[in-house]
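A.B. asks:
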Amino acid sequence: MKFANLQEAFSHIESFTNLEKTQQYTVRTYRLDRMFRLLEHFGRPDHSFKSVHVAGSKGKGSTCTLLAYALKELGLTVGLYGSPHVSTYLERFTLAGAFFPESMMLETIHELFDRLQGFSFPEERGYDHPTTFELLTMLAFLLFKKAGCEYAVLETGLGGRLDATNVVSPVLTAITPIELEHTDILGSTIAEIAEEKSGILKEGVPVVIAPQHLEAKRVIQNIADQRNCPQVYLPDILIHCSSHSTLTSNRLKLLWADDTLDELELKMLGSFQGENCAAALVLAEKLGVIRSAEDRRKVIQGTSKAVLPGRMEVIRREPMVVIDGAHTRRSIERVIISYRELFPEGGTIIFGAVSGKDHTHMVEEVLKHFSRVVISTPGTFKPSSPLELYKLFTSTAQVMVTEGELDSPPIILFEPDPIRAVERADQLSFPEEGILVTGSFYMAAEIRDCFVRG
Numbered sequence: 156m157k158f159a160n161l162q163e164a165f166s167h168i169e170s171f172t173n174l175e176k177t178q179q180y181t182v183r184t185y186r187l188d189r190m191f192r193l194l195e196h197f198g199r200p201d202h203s204f205k206s207v208h209v210a211g212s213k214g215k216g217s218t219c220t221l222l223a224y225a226l227k228e229l230g231l232t233v234g235l236y237g238s239p240h241v242s243t244y245l246e247r248f249t250l251a252g253a254f255f256p257e258s259m260m261l262e263t264i265h266e267l268f269d270r271l272q273g274f275s276f277p278e279e280r281g282y283d284h285p286t287t288f289e290l291l292t293m294l295a296f297l298l299f300k301k302a303g304c305e306y307a308v309l310e311t312g313l314g315g316r317l318d319a320t321n322v323v324s325p326v327l328t329a330i331t332p333i334e335l336e337h338t339d340i341l342g343s344t345i346a347e348i349a350e351e352k353s354g355i356l357k358e359g360v361p362v363v364i365a366p367q368h369l370e371a372k373r374v375i376q377n378i379a380d381q382r383n384c385p386q387v388y389l390p391d392i393l394i395h396c397s398s399h400s401t402l403t404s405n406r407l408k409l410l411w412a413d414d415t416l417d418e419l420e421l422k423m424l425g426s427f428q429g430e431n432c433a434a435a436l437v438l439a440e441k442l443g444v445i446r447s448a449e450d451r452r453k454v455i456q457g458t459s460k461a462v463l464p465g466r467m468e469v470i471r472r473e474p475m476v477v478i479d480g481a482h483t484r485r486s487i488e489r490v491i492i493s494y495r496e497l498f499p500e501g502g503t504i505i506f507g508a509v510s511g512k513d514h515t516h517m518v519e520e521v522l523k524h525f526s527r528v529v530i531s532t533p534g535t536f537k538p539s540s541p542l543e544l545y546k547l548f549t550s551t552a553q554v555m556v557t558e559g560e561l562d563s564p565p566i567i568l569f570e571p572d573p574i575r576a577v578e579r580a581d582q583l584s585f586p587e588e589g590i591l592v593t594g595s596f597y598m599a600a601e602i603r604d605c606f607v608r609g
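Residue 318 in our numbering sits at position 163 of the sequence shown, with consecutive numbering throughout.
(1) For His208, does the count of other Cβ atoms within 10 angstroms reach 16, so buried, or fall short, so exposed?
(2) Compare the Cα-Cα distances from Lys157 to each of Ser447, Leu261, Phe197 and report the closest residue.
(3) Give the C-beta separation of Val602 and Pro474 to the nearest angstrom, bearing in mind that I take them to be a contact with Cβ-Cβ under 8 angstroms.
(4) Taking the Cβ atom as the reference point for each residue, do Lys215 and Thr483 lie within a distance shorter than 8 angstroms?
(5) On a Cα-Cα basis, can you pick out the residue from Ser217, Asp201, Pro565, Glu289 that is closest to Thr172?
(6) Go through its chain and collect everything with a Cβ distance to His518's Cβ below 6 angstroms, but skip five positions before and after it.
(7) Tell me whether Thr593 sits in a helix, a strand or coil according to DSSP, three-state version.
(8) Find the nearest neighbour of Pro565 within the set Ile504, Asp581, Lys422, judged by alpha-carbon distance.
(9) Specify the secondary structure class of Gly457 as computed by DSSP and reduced to three states.
(10) Quick check on the DSSP output: the alpha helix (DSSP H) that includes Val269 runs from which residue to which?
(11) When you compare only the Cα positions, how much space is there between Glu163 and Lys441?
(12) Give the secondary structure of Phe569 by DSSP, where H, G and I count as helix, E and B as strand, and everything else as coil.
(13) Considering just the uninterrupted stretch of the alpha helix (DSSP H) at Tyr545, what are its terminal residues?
(14) Bridge partners of Gly534, per DSSP?
(15) Here's a check: name, in chain order, each residue in its chain whose Cβ is nearer than 7 angstroms to the Cβ of Asp604, leaving out the five neighbours to either side.
(16) Which residue marks the beginning of the beta strand (DSSP E) containing Val209, and which one marks its end?
(17) Run through DSSP, which three-state label would Thr292 get?
(18) Threshold first: 4 residues or longer. Then list the alpha helix (DSSP H) segments lying entirely within the stretch 350-409, N to C.
(19) Give every residue of the same chain whose Cβ lies closer than 7 angstroms to the Cβ of Thr263, excluding the five residues on either side of it in the sequence, and list them in chain order.
(20) Please classify Glu587: is it buried, with 16 or more other beta-carbons within 10 angstroms of its beta-carbon, or exposed?
(21) Taking the alpha-carbon positions, what's the Glu351 to His524 distance?
(22) In the structure shown, what three-state DSSP assignment does Met156 receive?
(23) Kindly indicate which residue of Tyr306, Asn160, Glu195 has the alpha-carbon position closest to the one of Ala225.
(24) So, for Asn383: in the same chain, excluding its five sequence neighbours on each side, which residues have a beta-carbon less than 7 angstroms away from its beta-carbon?
(25) For the putative contact between Gly507 and Ser595, defined by C-beta atoms under 8 angstroms, what is the C-beta separation to the nearest angstrom?
(26) Judging by CA-CA distance, which residue of Ala210, Ile567, Gln386, Ile530 is the nearest neighbour of Thr331?
(27) Is Met156 near the ligand ZN, going by C-beta to nearest heavy atom under 7 angstroms?
(28) Pull up the DSSP beta-bridge partners for Val518, would you.
(29) Whose C-beta lies closer than 6 angstroms to the C-beta of Thr249 among residues of the same chain, with five residues either side of it excluded?
(30) Which one of Leu407, Pro571, Val322, Gly534 has the shortest CA to CA distance from Tyr545?
(31) Measuring CA to CA, which of Cys219, His240, Phe204, Leu193 is closest to Gln272?
(32) Please report the straight-line C-alpha distance between Thr177 and Arg452, rounded to a whole angstrom.
(33) Tell me which residue opens and which closes the alpha helix (DSSP H) that Thr331 is part of.
(34) With 16 other CB atoms within 10 Å as the buried threshold, where does Ala159 fall?
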């Protein structure tokens, strides 16, 4: 099977069972024996590099990216695998942020499908063919092996225990902050979700744990104890973390328990990046790659170069448009705090969320801080109901006004077309204010693509 270009190749990969779209969760769809069978068929390419495996509800993409850039600055060849992408599938597998050459990508995809000729799973393993995410994960492993990667930093796609990435034997793992998300799949409580995420912990493999809700912390640490995983809980060693973002940079100060003070300047905006950067630095230290003061300087310099689409990303300067893929209550809250640091006077928000999220609490959080809201469609990749979301915004606003939580009714508009949503937001905004786009990576992607195409 030959493809004329990458668009055609990825369209074919998408034609397989795509659980990112359907999110059907059964024993027959999410099961690691399928991925292990696939890996054996391809000669275990994941054994050619050392893996760092990261799970969590928020911050895992940023933590992975910061770590990959830090390792790259030490002269290491580092593969980075993450999801979802914002504008192109190429974002999912990179050499610490650098895209693979198109010729190498096509060559590897051709090899992937050539070797899949005649391959199928036994009936009892669910679908007889690999899913889209299994194919993407295998493609990442093949690319990293071909590129001679010494390390691969792997972000889980969904959950952890049954995620397709959870077939590696990592040298180090990390759990970023956990929240209620994918409750129809991962569990209805923080503790249940923490247990699913902690499924990436392997016997005797060290784990770095970011700040957590108490119930999540208990679950993660109990599982780590059961599996004899040496653990570092970030708040135990990070005494203070401060952040100050401008429109062009993010200045951090990290004070550690040993009285070390790290001062950094990131391209990645947002106060929440402080903890992500701290976690990345601890991961680099636990890998044993920092052997001198010069190495530490390089690692810090590497984090300063890290960029990641869709995380407090400025996509237009005048008037300012900032996009972020926040999709949980806590992440929405943290993005708004960071946005307010840039625009303390106000602004307009374009909001779109896919189905299955905690819409009620996200809506309340938005209405506490924005009096001008435009509801739009977060693409078609996943199901969404923007009209129902608009109705939820209007009914919630009425209740909040009645109960005195809002001084006056906000302006809430429904514009399903993302391009028109930007135009409506421009009409509502003042020159000194900005526009924040959030609620989903898919909403961020839709608006980002408006400007890329334009």
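Using N, Cα and C, we set each Cβ at its ideal position, and we do this for glycine too.
Just so it is clear, the structure is predicted and the values come from calculations on it, not from any experiment.
C.D. replies: Quick look at the numbers:
(1) buried
(2) Leu261
(3) In the sequence as presented, Val is not what sits at residue 602; that position holds Ile. Actually they are not in contact, since the Cβ atoms of Ile602 and Pro474 sit about 14 angstroms apart, beyond 8 angstroms.
(4) no
(5) Glu289
(6) Here residue 518 turns out to be Val, not His, going by the sequence shown. If we look at Val518 and ignore the five residues flanking it on each side, its Cβ neighbours are Leu547, Phe548, Thr551.
(7) strand
(8) Ile504
(9) helix
(10) The sequence shown places Asp at residue 269, not Val. Note, Asp269: alpha helix (DSSP H), 257-270.
(11) 41 angstroms
(12) strand
(13) 541-557
(14) Gly534 is not bridged to any residue.
(15) Ser242
(16) 205-210
(17) helix
(18) 369-381, 389-392
(19) Leu294, Leu297, Leu298, Lys301
(20) exposed
(21) 33 angstroms
(22) coil
(23) Tyr306
(24) Glu358, Gly359
(25) 6 angstroms
(26) Ala210
(27) The model on display carries no ligand, and the ligand ZN is accordingly not part of it.
(28) Answer by DSSP bridge pairing: none, since Val518 is not bridged.
(29) Leu235
(30) Pro571
(31) Leu193
(32) At Thr177 the pLDDT is 49, less than 50, meaning the model places this residue with poor confidence; the figure from the coordinates comes in the next sentence. About 45 angstroms.
(33) Unbroken run through Thr331: none, as it is neither H nor E.
(34) exposed
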